[in-house]
Amino acid sequence: KAGVTQTPRYLIKTRGQQVTLSCSPISGHRSVSWYQQTPGQGLQFLFEYFSETQRNKGNFPGRFSGRQFSNSRSEMNVSTLELGDSALYLCASSSRWAGTTEAFFGQGTRLTVV
Amino acid sequence: EDQVTQSPEALRLQEGESSSLNCSYTVSGLRGLFWYRQDPGKGPEFLFTLYSAGEEKEKERLKATLTKKESFLHITAPKPEDSATYLCAVSLSLGAQKLVFGQGTRLTINP
Numbered sequence: 008k009a010g011v012t013q014t015p016r017y018l019i020k021t022r023g024q025q026v027t028l029s030c031s032p033i034s035g036h037r038s039v040s041w042y043q044q045t046p047g048q049g050l051q052f053l054f055e056y057f058s059e060t061q062r063n064k065g066n067f068p069g070r071f072s073g074r075q076f077s078n079s080r081s082e083m084n085v086s087t088l089e090l091g092d093s094a095l096y097l098c099a100s101s102s103r104w105a106g107t108t109e110a111f112f113g114q115g116t117r118l119t120v121v
Numbered sequence: 648e649d650q651v652t653q654s655p656e657a658l659r660l661q662e663g664e665s666s667s668l669n670c671s672y673t674v675s676g677l678r679g680l681f682w683y684r685q686d687p688g689k690g691p692e693f694l695f696t697l698y699s700a701g702e703e704k705e706k707e708r709l710k711a712t713l714t715k716k717e718s719f720l721h722i723t724a725p726k727p728e729d730s731a732t733y734l735c736a737v738s739l740s741l742g743a744q745k746l747v748f749g750q751g752t753r754l755t756i757n758p
C-alpha cells in the first residue's frame, strides 16, 4: 500500500513569490492535515481537510491556504513568501472521520525562501 | 493553554543501555496521545496511539505507557538504529486530526 506522497521534495523560492505544494494521501484516506516544521517552533498545525471541507485551522496568517479535491488529494498555497516561511512542510493522512485515529505523514517538502 | 513538553531534549546512550523518554501534557480533554519517530530529513513515522490512562503498547524494543498527566516511551536494550528524534503529540478534538506536538527528544545510541 503506497504511503503519503508529497511533491515536490525540495523548493527554492524568492521572497514575495507564491508556492503550491501537493499531497496525495494513502488510498482510502479522506482526511488530510498540513503541518509546518521549523527548528525553533517544532511541528505546528496549519489546517485539516475532510471531504473537500476545511475542518480545522491553526494560527497562521491568511497567506497560508489550502484545498482538497474530490479524490482527496490536497494542495497548500503560500502567497507573498517571507524568509520565515522556510521550513519542512508535512502532510498527514488518516482514514476515519469519527474518533481519533492515527495520522500517517509524508516525507515533506523542504521550502527555502531566499 | 494546551501544552506538550518532552524531556530530555537530547539523550545519549550506549548500545544496550535501557532508558525512558517523558512526555507530559496539560490539555483540556485528551482524545489520544501519539508517539512518532523522525529521522533527519524525513517525515514522522507513526509508532503508537494511547487513549486512556493505564494503557500500554509495545513494539520491538519500544514500550509506551500513559497516565493522566504524562506518557513514557521505554527503550529496552537499544541499538544504534534506534537513533532518531522521538515526538509526542496529543489530539484534542474528536473526529479531527489537529495534533499538538512536543519539541521532541533527540536520541543517540552509540555502538
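Residue numbers (our numbering), protein chains in the order written: chain A, 8 to 121; chain B, 648 to 758. Ideal Cβ placement from N, Cα and C applies to all residues, glycine included.
Exercise for the section: Rank Ser40(A), Arg117(A) and Tyr96(A) by C-alpha distance to the C-alpha of Arg74(A) and give the top, closest one. Expected result: Sequence index remark: in the first sequence, residue 74(A) carries index 67 (1-based). If we check each option's Cα against that of Arg74(A), Ser40(A) comes out closest.
Exercise for the section: Determine the direct distance from the alpha carbon of Asn757(B) to that of Asn63(A), and round the result to whole angstroms. Expected result: Within the first sequence, the letter at position 56 stands for residue 63(A). Within the second sequence, the letter at position 110 stands for residue 757(B). Going from the Cα of Asn63(A) to the Cα of Asn757(B) covers about 41 Å.
Problem - Within chain B, the residues that Phe71(A) reaches when beta carbons sit closer than 9 Å - result: Residue numbering aside, residue 71(A) sits at position 64 when the first sequence is read from its first letter. Within 9 Å Cβ-Cβ: nothing; Phe71(A) doesn't reach chain B, min ~15 Å.
Problem - Span separating the alpha-carbon of Leu680(B) from that of Ala736(B) - result: Position 33 of the second sequence holds residue 680(B). Position 89 of the second sequence holds residue 736(B). Spanning the two alpha carbons is a distance of roughly 6 Å.
Problem - Cα-Cα separation between Thr673(B) and Ser738(B), rounded to whole angstroms - result: Mapped onto the second sequence, residue 673(B) falls at position 26. Mapped onto the second sequence, residue 738(B) falls at position 91. When rounded, the distance between both Cα atoms is 12 Å.
Practice task
Determine, using beta carbons only, whether Ser86(A) and Gln25(A) come nearer to each other than 8 Å.
Solution key: Position 79 of the first sequence, counted from the start, is the residue given in the question as residue 86(A). Position 18 of the first sequence, counted from the start, is the residue given in the question as residue 25(A). In this structure, Gln25(A) lies closer than 8 Å to Ser86(A) by Cβ.
Handout entry: chain B contacts from the region 31-65 of chain A (Cβ-Cβ distance under 7 Å)
Key = Ser38, Ser40, Gly49, Leu50, Phe52, Glu55, Arg62 and Asn63
Problem - C-alpha distance - Pro691(B) paired with Gly113(A), whole-angstrom precision - result: The count along the second sequence starts at 1 and reaches residue 691(B) at position 44. The count along the first sequence starts at 1 and reaches residue 113(A) at position 106. Distance between the alpha carbons of Pro691(B) and Gly113(A) is about 8 Å.
Exercise for the section: Report yes or no: do the region 652-662 of chain B and the region 685-701 of chain B share at least 3 C-beta pairs separated by less than 8 Å? Expected result: These segments do not touch.
Problem - 6 Å Cβ shell around Arg80(A) - same chain, five flanking residues per side excluded - result: Along the first sequence, one-based indexing puts residue 80(A) at 73. Ser31.
Handout entry: Range of the contiguous beta strand (DSSP E) that encloses Ala657(B)
Key = By one-based count along the second sequence, residue 657(B) stands at place 10. Segment Ala657 to Gln661, the beta strand (DSSP E) holding Ala657(B).
Handout entry: Beta-carbon neighbours of Pro691(B), restricted to chain A and to distances below 7 Å
Key = Locating residue 691(B) in the second sequence gives position 44, counting from the first residue. Result: Phe112.
Problem - Below-8 Å beta-carbon distance, Ala743(B) vs any chain A residue - result: Taking the second sequence and counting its residues from 1, the one referred to as residue 743(B) is at position 96. Confidence is the limiting factor: at Ala743(B) the pLDDT is only 49, short of 50, which leaves the residue's position unreliable and the question unanswerable from this model.
Problem - Span separating the alpha-carbon of Val121(A) from that of Glu55(A) - result: Position 114 of the first sequence, counted from the first residue, corresponds to residue 121(A). Position 48 of the first sequence, counted from the first residue, corresponds to residue 55(A). For Val121(A) and Glu55(A), the distance between alpha carbons rounds to 28 Å.
Exercise for the section: Determine the chain D residues that contact Ser101(A) at a beta-carbon separation under 7 Å, and present them in chain order. Expected result: No chain D is present in this structure, whose protein chains are A and B.
Problem - Inter-residue spacing [alpha-carbon to alpha-carbon] between Pro727(B) and Leu734(B) - result: Walking along the second sequence from the start, residue 727(B) turns up at place 80. Walking along the second sequence from the start, residue 734(B) turns up at place 87. Cα-Cα distance, rounded: 18 Å.
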